[in-house]
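So the mapping is simple: the numbering used here equals the position in the sequence shown, first residue as 1, plus 1325.
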Amino acid sequence: MDSDELKNRLSANLKKIRKAKNLSQFELAEKAGLSDQTINSIEGKRLWPSDKTMIKIANALETDAYQFLIPENIENRQTDIIIPELKSALKKNIDILIEEFFTQHFN
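Pasting the structure below:
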């Protein structure tokens, strides 16, 4: 990984999270107490934010700052693993509840 890849990651993730929250760059800047030019420069890969700026942005987006540095599609890969496990656990718990219900009410 090099500096450009890290800037690309930050830019893409910041933009994705901001858009998911339905915020414009201006609205995010207002919430974070920053200028809209700062947000524009970060998303445009012209500025690397300080730790304090990154925390302000993360707080304004109600997320953790590490989310800005996650490689693309990692969430999807984790979801592909977690969802089947979650479905399996839910099915197991539902089966147990149904069995307990019938045991209590029909025995």
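Where is the CB? At the ideal position from N, CA and C, for every residue including glycine. Since the model is a prediction, treat every value here as computed from it, not as a measurement.
What does the alpha-carbon distance come out to for the pair residue i and residue j?
i	j	result
Thr1378	Asp1389	13 Å
Leu1359	Leu1372	13 Å
Ser1349	Lys1340	9 Å
Glu1425	Ala1345	42 Å
Asp1329	Ile1380	21 Å
Ile1382	Asn1418	39 Å
Asn1384	Ile1364	14 Å
Asp1420	Thr1428	12 Å
With DSSP run on the structure shown, which of helix, strand or coil describes residue i?
i	result
Asn1401	Model confidence at Asn1401 stands at a pLDDT of 47, short of 50, so the residue's coordinates are unreliable; what they give is reported in the following sentence. In this structure, Asn1401 counts as helix in the three-state DSSP scheme.
Glu1352	helix
Ile1380	helix
Ser1360	coil
Going by other Cβ atoms of all chains shown within 10 Å of its Cβ, with 16 needed for buried, is residue i buried or exposed?
i	result
Ile1367	buried
Ile1395	exposed
Grab the span of the alpha helix (DSSP H) containing residue i for me, first residue to last.
i	result
Ser1336	1328-1345
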